[in-house]
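For the sequence shown, our numbering begins at 104 and goes up steadily by one.
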Amino acid sequence: MICLTGFICTVVFGHNLENFLDSKEETNIGNGKLEKILTHKELRVVVDFNTINYFIYKGEPQGFQYEILKEFCADNGLDLTIDATNNLPSAIGGLIHDEYDLVAKNVFSGYVNNKLVEYTQPLMKTKIMLVQRKNGKATIDGNVPYLVKNRGELARRTVHISGNTSYGFHMQKLSSDLECPISVVTDTSATTEQLLEKVSEGVIDYTICSEKTANFVGSHFNTLDFSTPIAFDQEFSWLVANKSTKWKEYLDTWIVAFKQSDRYQEICEKYYSESANGIFSQKKFNSILGGKLSDYDDVVKSVASVYDFDWRLISSIIYKESRFDSQAKSTVGASGLMQLMPITAKLFNVFDTSVPSENIRGGVAYLSWLDDTFAPVIPDEKERLKFVLASYNVGIGHVMDARRLAMKYNRNPSVWDDNVEYFLMKKSEAAFYNDPVVEHGYCRSAEPLAFVEKVLDRYTHYVNIIPGEEKKSLAAL
Numbered sequence: 104m105i106c107l108t109g110f111i112c113t114v115v116f117g118h119n120l121e122n123f124l125d126s127k128e129e130t131n132i133g134n135g136k137l138e139k140i141l142t143h144k145e146l147r148v149v150v151d152f153n154t155i156n157y158f159i160y161k162g163e164p165q166g167f168q169y170e171i172l173k174e175f176c177a178d179n180g181l182d183l184t185i186d187a188t189n190n191l192p193s194a195i196g197g198l199i200h201d202e203y204d205l206v207a208k209n210v211f212s213g214y215v216n217n218k219l220v221e222y223t224q225p226l227m228k229t230k231i232m233l234v235q236r237k238n239g240k241a242t243i244d245g246n247v248p249y250l251v252k253n254r255g256e257l258a259r260r261t262v263h264i265s266g267n268t269s270y271g272f273h274m275q276k277l278s279s280d281l282e283c284p285i286s287v288v289t290d291t292s293a294t295t296e297q298l299l300e301k302v303s304e305g306v307i308d309y310t311i312c313s314e315k316t317a318n319f320v321g322s323h324f325n326t327l328d329f330s331t332p333i334a335f336d337q338e339f340s341w342l343v344a345n346k347s348t349k350w351k352e353y354l355d356t357w358i359v360a361f362k363q364s365d366r367y368q369e370i371c372e373k374y375y376s377e378s379a380n381g382i383f384s385q386k387k388f389n390s391i392l393g394g395k396l397s398d399y400d401d402v403v404k405s406v407a408s409v410y411d412f413d414w415r416l417i418s419s420i421i422y423k424e425s426r427f428d429s430q431a432k433s434t435v436g437a438s439g440l441m442q443l444m445p446i447t448a449k450l451f452n453v454f455d456t457s458v459p460s461e462n463i464r465g466g467v468a469y470l471s472w473l474d475d476t477f478a479p480v481i482p483d484e485k486e487r488l489k490f491v492l493a494s495y496n497v498g499i500g501h502v503m504d505a506r507r508l509a510m511k512y513n514r515n516p517s518v519w520d521d522n523v524e525y526f527l528m529k530k531s532e533a534a535f536y537n538d539p540v541v542e543h544g545y546c547r548s549a550e551p552l553a554f555v556e557k558v559l560d561r562y563t564h565y566v567n568i569i570p571g572e573e574k575k576s577l578a579a580l
């Protein structure tokens with residue numbers, strides 16, 4: 104799960120969820136959905152992960168659907184909770200059973216039974232293009248001429264499609280229109296990107312993708328031809344559960360207005376233009392194509408396994424501390440990938456913080472020590488991880504001060520949110536850092552609070568997309 108703290112700002116069309124709800128008559132099931140989202144201040148969404156909608160590049164979450172969802176939640180003061188799956192039927196099932204409020208995938212109109220779901224206003228219109236190699240003979244269809252110039256020439260040929268998309272709808276319709284049917288092979292284990300790779304490598308002859316995707320990946324797959332359209336003016340939309348009338352109407356109004364904004368154009372340009380393929384410039388750091396977070400993945404995995412930590416958590420900390428720069432130095436003397444202070448490096452026998460393996464070993468050893476220190480008083484791993492991260496950033500003394508303040512003011516010293524977190528924040532105020540129970544004085548509180556939030560935020564993105572063993576700290580999800 105991914106939790107992104109939303110913030111309130113002016114909605115692009117001049118009102119927010121509360122005003123919208125108040126302005127409508129209270130009818131049908133849609134009221135319940137909209138009221139639930141408003142009450143909990145949370146939007147639960149399922150997306151697919153691929154090279155456009157949602158992925159990690161150089162350690163940072165990105166994607167067309169991801170960025171639009173962030174804009175919607177920011178406009179409406181909502182937290183965004185994302186599940187990621189490439190199983191479209193499973194996603195729709197979760198929507199119907201109220202596990203999600205929204206399916207944010209590139210689902211084309213007409214694909215899903217309208218008795219189960221409703222389509223929002225379209226986010227984009229596109230063509231569906233045939234994907235084939237530019238030169239050479241077909242490897243599967245034998246002596247059939249290779250380059251298909253129009254969709255009628257697909258009769259009797261074999262086209263592979265991803266079972267995790269709505270492309271099957273288009274292929275079935277096209278096949279039924281032809282005198283001789285198309286052989287359609289549905290691969291439920293492959294993404295569209297993986298099928299593009301197979302066409303490029305000559306493993307299969309044909310697949311399909313949207314024109315927008317073709318623009319994005321064209322220069323990367325320079326041996327492929329994307330010039331033959333098989334369907335025109337196809338709209339893709341978000342999905343909501345059937346009869347969610349108010350919820351759908353609200354989304355429709357927002358989408359129509361947002362599509363007229365400069366921000367929408369920026370997102371489209373970033374992910375759906377010929378210039379967008381710069382995201383492929385370092386393929387190994389794209390989670391879908393190369394799967395690496397950084398050049399230090401192997402070292403991080405090795406050290407994390409010794410201390411029983413999830414390596415993706417350690418990577419999230421490293422990203423926040425240094426953005427994977429082993430030569431990074433702070434103004435207060437911290438250095439290396441995990442920004443070790445000299446006293447910490449000395450305590451954990453790190454003699455050269457510029458050596459990545461040593462810096463990581465020292466940082467993870469420190470995390471382990473913090474975890475062991477808090478374990479007797481904070482048995483819940485999910486809670487304890489927040490205390491550990493805050494202490495890693497600002498020092499355990501300040502966090503212990505905040506626990507003592509929590510006890511003094513009858514809050515729970517073993518719970519982070521709205522308890523110890525609150526008093527750590529207050530330690531930047533004289534009335535609190537001068538309190539007799541405080542031993543470590545003033546604290547620049549905003550930094551550790553942001554550190555905890557951002558590390559856990561990015562970590563949950565990594566868990567969603569990057570494979571890894573479920574070890575200590577995964578309970579934080």
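Where is the CB? At the ideal position from N, CA and C, for every residue including glycine.
Could you give the residue range of the beta strand (DSSP E) that holds Tyr-222? Position 119 of the sequence shown, counted from the start, is the residue given in the question as residue 222. Per DSSP, Tyr-222 belongs to the beta strand (DSSP E) from 220-222.
Count the other CB atoms, across all protein chains shown, that sit within 10 Å of the CB of Gly-162; report buried if there are 16 or more and exposed otherwise. Within the sequence shown, the letter at position 59 stands for residue 162. Its Cβ being crowded by 16 or more others within 10 Å, Gly-162 is buried.
Go ahead and pull the three-state DSSP assignment for Val-150. By one-based count along the sequence shown, residue 150 stands at place 47. Looking at Val-150 - three-state DSSP - the assignment turns out to be strand.
Going by the beta-carbon positions, is the gap between Lys-144 and Leu-181 smaller than 7 Å? Here residue 144 corresponds to residue number 41 of the sequence shown, with the count starting at 1. Here residue 181 corresponds to residue number 78 of the sequence shown, with the count starting at 1. Yes. Within cutoff.
Where Ser-425 and Lys-511 are concerned, what is the direct C-alpha to C-alpha distance, given to the nearest angstrom? The sequence position of residue 425 within the sequence shown is 322, counting from 1. The sequence position of residue 511 within the sequence shown is 408, counting from 1. Whole-angstrom Cα-Cα distance: 37 Å.
Should Asp-455 be flagged as near chain B, meaning a C-beta pair shorter than 7 Å? Of the protein chains in this structure there is only one, and it is not chain B.
Would you decide whether Ala-509 is buried or exposed? Buried here means 16 or more other CB atoms lie within 10 Å of its CB. Translated into positions along the sequence shown, residue 509 becomes position 406. The residue is buried, with at least 16 neighbouring Cβ atoms inside 10 Å.
Coil, strand or helix - Leu-250 by DSSP: Counting from 1 along the sequence shown, the entry for residue 250 is found at position 147. Leu-250: coil per DSSP, three-state reduction.
Roughly how many angstroms separate the alpha carbons of Arg-259 and Gly-271, rounded to a whole number? The residue given as residue 259 occupies position 156 in the sequence shown. The residue given as residue 271 occupies position 168 in the sequence shown. About 16 Å.
Can Ala-344 and Leu-198 be called in contact, C-beta distance under 7 Å? Your numbering for residue 344 matches position 241 in the sequence shown. Your numbering for residue 198 matches position 95 in the sequence shown. Yes, these two residues count as a Cβ contact at 7 Å.
Measuring alpha carbon to alpha carbon, tell me which of Leu-191, Glu-202, Asp-201 ends up nearest Phe-211. By one-based count along the sequence shown, residue 211 stands at place 108. For Phe-211, the nearest C-alpha among the options comes from Leu-191.
Beta carbon of Ser-330, beta carbon of Ala-293: below 7 Å? Residue mapping note: residue 330 aligns to position 227 of the sequence shown, counting from 1. Residue mapping note: residue 293 aligns to position 190 of the sequence shown, counting from 1. With a cutoff of 7 Å on beta-carbon distance, Ser-330 and Ala-293 are scored as not near each other.
Hey, how far is the Cα of Ala-334 from the Cα of Val-287? What you label residue 334 is simply residue 231 of the sequence shown in a count that begins at 1. What you label residue 287 is simply residue 184 of the sequence shown in a count that begins at 1. Their backbone Cα atoms lie some 16 Å apart in a straight line.
What does the Cβ neighbour count give for Ile-446, buried or exposed, with the cut at 16 atoms within 10 Å? Position 343 of the sequence shown, counted from the start, is the residue given in the question as residue 446. Its Cβ having fewer than 16 others within 10 Å, Ile-446 is exposed.
Thinking just about the alpha-carbon of each residue, which of Glu-550, Glu-484, Gln-385, Lys-351 is nearest to the one in Lys-423? The sequence position of residue 423 within the sequence shown is 320, counting from 1. It is Glu-550 whose Cα lies nearest to the Cα of Lys-423.
Neighbour-count burial assignment, Pro-570, 16 or more Cβ in a 10 Å radius: The residue given as residue 570 occupies position 467 in the sequence shown. By the 16-neighbour rule on beta-carbons within 10 angstroms, Pro-570 is exposed.
If you check the beta carbons only, do Lys-208 and Asp-290 fall under 7 Å apart? One-based indexing of the sequence shown puts residue 208 at position 105. One-based indexing of the sequence shown puts residue 290 at position 187. Not a contact, by the Cβ cut-off of 7 Å.
State the CB to CB distance for the pair Gln-337 and Ile-195, rounded to an integer number of angstroms; the pair is presumed to be in contact (CB under 8 Å). Reading the sequence shown from its first residue, position 234 is the one you call residue 337. Reading the sequence shown from its first residue, position 92 is the one you call residue 195. Between Ile-195 and Gln-337 the Cβ distance is about 19 Å, and since that is not below 8 Å, they are no contact.
Based on the DSSP output, what are the partners of Arg-426 in its beta bridges? If you number the sequence shown from 1, residue 426 lands on position 323. Its beta-bridge partners do not exist; DSSP assigns none.
Which residues does DSSP list as the beta-bridge partners of Glu-145? Position 42 of the sequence shown holds residue 145. For Glu-145, which the question treats as bridged, DSSP gives the partners Asp-182.
Give me whichever residues DSSP pairs with Glu-304 in a beta bridge. Start at 1 with the first residue of the sequence shown, and residue 304 comes out as number 201. Glu-304 pairs with nothing; no bridge assigned.
What are the start and end residues of the alpha helix (DSSP H) that includes Tyr-469? Walking along the sequence shown from the start, residue 469 turns up at place 366. Run containing Tyr-469: 459-477, per the alpha helix (DSSP H) assignment.
Let me make sure I understand the geometry here. Which of Thr-154, Glu-221, Asn-253 has the alpha-carbon closest to that of Glu-300? To locate residue 300, count along the sequence shown from 1; it is residue 197. Comparing Cα-Cα distances from Glu-300 to each of Thr-154, Glu-221, Asn-253, the minimum goes to Thr-154.
Do the CB positions of Val-402 and Ile-307 come within less than 7 Å of each other? The count along the sequence shown starts at 1 and reaches residue 402 at position 299. The count along the sequence shown starts at 1 and reaches residue 307 at position 204. The answer is no: Cβ separation not under 7 Å.
Do three or more CB pairs link the region 464-477 to the region 494-507 at distances below 8 Å? yes
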